[in-house]
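>
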Amino acid sequence: MAHQPHNILIFGATGLIGKYITSAILASGSSFAIVGIFTSSSSAQRKKVSLASYEQKGATIVIGSLQNPAHIPSAYQSYDTIIFALGREAITLQIDLIRLAEESSTIKRFFPSEFSADIEYSSISTTERPWYRVVRCEGEESVAARAYGGEDCVDDYG
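145 is the number that full-length UniProt numbering gives to position 145 of the sequence shown; each next residue is one higher, with no gaps.
Right, here's the structure in full:
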């Protein structure tokens, strides 16, 4: 069976870690049929140069708001894979995105963000909530489970 390129939608493509993920994906060429970058209208204005560079390399810019879940189903329509590379402040926004991915007829894989959120190994953040486990717990029975393999989850987040 021939390799079928994936259609990837990236959240956080211009961020601290997302820019490296996005650059690597765009550099891989034909491995991906469509590379979309989801961004808000305000971020699109602030990050014009980065987004223009991604467009020149073949990316499609998708404007929407994570604060408005109604924007997400239409954004998902052309994609089968989601990469969420936003940082700690947006970790819990993934819970709705995972739920919407489950409801989508097109999304098959969801790679959630845990970047800079694994507080088990940081002495300066021992009092913080275990953000990554909240998303992991939400994703255990979903498309996100393919990225996790059913590891630990904290049931008493609150």
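Where a beta carbon is used, it is the ideal one built from N, C-alpha and C, also for glycine. Here the structure is a predicted model, which means the values were calculated and not measured.
Contact between the segment 92-106 and the segment 26-38 is defined here as three or more beta-carbon pairs at a separation below 8 angstroms; is this criterion met?
Result no; under three Cβ-Cβ pairs closer than 8 angstroms.
> By the 10 Å Cβ neighbour count, where 16 or more other Cβ atoms means buried, how is Y76 classified, buried or exposed?
Y76 is buried by the Cβ-count criterion.
> Return yes when the Cβ of T81 is within less than 9 angstroms of the Cβ of F110, no when it is not.
Their beta carbons are under 9 angstroms apart, which means F110 touches T81 by this criterion.
> Assign S15 to buried or exposed, taking buried as 16 or more other Cβ atoms, counted over all protein chains shown, within 10 Å of its Cβ.
This sequence places Gly at residue 15; Ser is not what is there. G15 comes out buried.
> Runs of 4 residues minimum, wholly inside the UniProt domain "NmrA-like" (7-130): which ones carry the alpha helix (DSSP H) assignment?
As far as the UniProt domain "NmrA-like" (7-130) is concerned, its whole alpha helix (DSSP H) runs of at least 4 residues are 18-27, 41-46, 48-56, 72-76, 94-103.
> Checking 9 angstroms against the spacing of the C-beta atoms, do I72 and A44 come in under that value?
No, the pair does not count as a contact, with Cβ atoms beyond the cut-off.
> Would you tell me roughly how many angstroms separate the C-alpha atoms of L86 and R46, rounded to the nearest one?
Cα to Cα, the separation comes out at about 16 angstroms.
> Quick check: what's the CA-CA separation for A52 versus F84?
Looking at the two C-alpha atoms, the distance is approximately 20 angstroms.
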